[in-house]
Amino acid sequence: MTDGIGVVSIVIVDDHPVVRQGLRTIIEKQSSFKVVAEAGDGRAALKQIHALRPKVVVLDISMPGLDGLRLAEQLHRELPDLLIVFLTIHREPEFFEKALAVGANGYVLKDTASVEIAQCIDEVVRGRYYASASLAGYLMQQKRARSTPAGGAAGISQLTPTERQVLLLLAEYKTSSEIAGILHVSPRTVDTHRANICNKLELRGRHALMKLAIAHYADLR
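Following the numbering used here, the numbering of the sequence shown begins with 109 at its first residue and continues without gaps.
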């Protein structure tokens with residue numbers, strides 16, 4: 109994994125020592141991953157992360173004191189290059205959306221962490237977003253019952269065929285460079301398409317486009 113990227117430094121944040129130890133064991137089976145610290149609460153984690161400047165932080169949402177969402181929000185503001193992976197029991201759409209809103213790059217459910225956490229870290233280090241496959245399926249099943257994000261299905265109908273394809277590929281966690289290769293255009297052209305979609309659908313915020321793409325994946329296929 110992560111060929112050519114070098115050793116990836118990681119901090120694990122979870123209030124259960126057994127969970128932290130299990131994660132460390134799984135993660136460090138990859139020779140390119142190194143857990144440089146563990147923390148049992150958000151405030152201790154904040155100090156360690158600022159001191160060690162890891163590449164990735166893996167953190168739980170539900171923790172006493174400073175919870176994972178508030179910790180991630182602060183880290184994203186203070187250390188914008190830090191990659192944030194949530195590891196949680198929460199599969200509800202609202203938690204997933206909150207995680208995206210505070211800067212999450214990955215979202216892994218605890219019941220699948222043993223097989224997904226290393227893949228997730230590898231994906232986010234390569235510049236992609238990652239969500240547990242079981243969560244993605246759940247979100248698709250719940251899509252019709254949820255309130256429609258800004259733009260909605262009616263807004264998507266305004267998009268050109270190329271813009272719809274860009275949105276579909278974003279929902280499949282493709283980067284702008286990967287989309288450019290698939291569509292045989294330049295990454296700058298892909299970024300222009302992304303900007304046009306946001307303008308047409310009146311989307312604001314760093315993750316608004318990704319949230320819309322995921323919510324309407326079934327409509328785009």
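Ideal placement from N, C-alpha and C gives every residue a C-beta, glycine not left out.
Using only CA atoms, which one of Pro-269, Asp-299 and Gln-266 lies nearest to Lys-282? Position 174 of the sequence shown, counting from 1, holds the residue named residue 282. Distance from the Cα of Lys-282 is smallest, within the candidate group Pro-269, Asp-299 and Gln-266, for Asp-299.
Own chain residues within Cβ distance below 7 Å of Ala-253, not counting five before or after: Taking the sequence shown and counting its residues from 1, one reaches residue 253 at position 145. The pLDDT assigned to Ala-253 is 41, lower than 50, so where the model puts this residue is not dependable, and the model offers no usable value.
Neighbourhood of Arg-302 by C-beta, 8 Å cutoff - its chain only, sequence neighbours within 5 removed: The count along the sequence shown starts at 1 and reaches residue 302 at position 194. Around Arg-302: Val-274, Leu-278, Ser-284 and Leu-317.
Considering Val-144, what are the terminal residues of the beta strand (DSSP E) in which it resides? Against the sequence shown, residue 144 aligns to sequence position 36. Run containing Val-144: 141–147, per the beta strand (DSSP E) assignment.
Extent of the continuous alpha helix (DSSP H) run through Val-223: Taking the sequence shown and counting its residues from 1, the one referred to as residue 223 is at position 115. First-last of the alpha helix (DSSP H) with Val-223: 221–233.
Give me the Cα-Cα distance between Ala-153 and Pro-162, rounded to the nearest whole angstrom. Mapped onto the sequence shown, residue 153 falls at position 45. Mapped onto the sequence shown, residue 162 falls at position 54. The straight-line gap from Cα to Cα measures roughly 11 Å.
Measuring CB to CB, does Gly-176 end up less than 8 Å from Gly-150? What you label residue 176 is simply residue 68 of the sequence shown in a count that begins at 1. What you label residue 150 is simply residue 42 of the sequence shown in a count that begins at 1. Taking the C-beta atoms as reference points, Gly-150 is found nearer than 8 Å to Gly-176.
Between Ala-209, Arg-272 and Ala-239, which has its C-alpha nearest Leu-328's C-alpha? As a working mapping, residue 328 is identified with position 220 in the sequence shown. Ranked by Cα distance from Leu-328, the first of Ala-209, Arg-272 and Ala-239 is Arg-272.
Run through the DSSP bridge pairs and tell me what Thr-196 is partnered with. Counting from one through the sequence shown, the residue named residue 196 turns up at place 88. The partner list for Thr-196 (beta bridge, DSSP) reads Leu-217.
DSSP on Tyr-237, reduced to helix/strand/coil? Position 129 of the sequence shown, counting from 1, holds the residue named residue 237. Judged by DSSP in its simplified three-state form, Tyr-237 adopts coil rather than helix or strand.
Here's a check: name, in chain order, each residue in its chain whose Cβ is nearer than 7 Å to the Cβ of Val-143, leaving out the five neighbours to either side. Here residue 143 corresponds to residue number 35 of the sequence shown, with the count starting at 1. Same-chain partners within the cutoff: Ile-118, Ile-120, Arg-132, Ile-135 and Glu-136.
Excluding the five sequence neighbours on either side, which residues of its own chain have a C-beta within less than 7 Å of the C-beta of Leu-208, listed in chain order? Here residue 208 corresponds to residue number 100 of the sequence shown, with the count starting at 1. Here Leu-208 has His-315, Met-318 and Lys-319 as same chain residues with Cβ atoms under 7 Å from its own Cβ, once five neighbours each way along the sequence are excluded.
Where does the unbroken beta strand (DSSP E) through Ser-294 begin, and where does it stop? Position 186 of the sequence shown, counted from the start, is the residue given in the question as residue 294. Where Ser-294 is concerned, there is no enclosing beta strand (DSSP E), given that its DSSP letter is neither H nor E.
Bridge partners of Leu-167, per DSSP? Along the sequence shown, read from residue 1 onward, the residue named residue 167 stands at position 59. Residue pairing of Leu-167 in beta bridges, as defined by DSSP: Val-121 and Phe-194.
Quick one: what does DSSP say Tyr-325 is sitting in, helix, strand or coil? Taking the first residue of the sequence shown as position 1, residue 325 is located at position 217. Tyr-325 falls in the helix class under three-state DSSP.
Residue from Ser-170, Asp-230 and Gln-156 with nearest C-alpha to Val-115: As a working note, residue 115 is residue 7 in the sequence shown. Shortest Cα-Cα distance from Val-115 to any of Ser-170, Asp-230 and Gln-156 involves Asp-230.
With a CB to CB cut of under 6 Å and the five nearest residues on each side skipped, what residues in its chain are close to Ile-322? To locate residue 322, count along the sequence shown from 1; it is residue 214. Once the five neighbours on either side are set aside, the close Cβ partners of Ile-322 are Ala-279.
Give me the Cα-Cα distance between Arg-312 and Val-193, rounded to the nearest whole angstrom. Here the question's residue 312 lines up with position 204 in the sequence shown. Here the question's residue 193 lines up with position 85 in the sequence shown. A direct Cα-to-Cα measurement between Arg-312 and Val-193 gives close to 23 Å.
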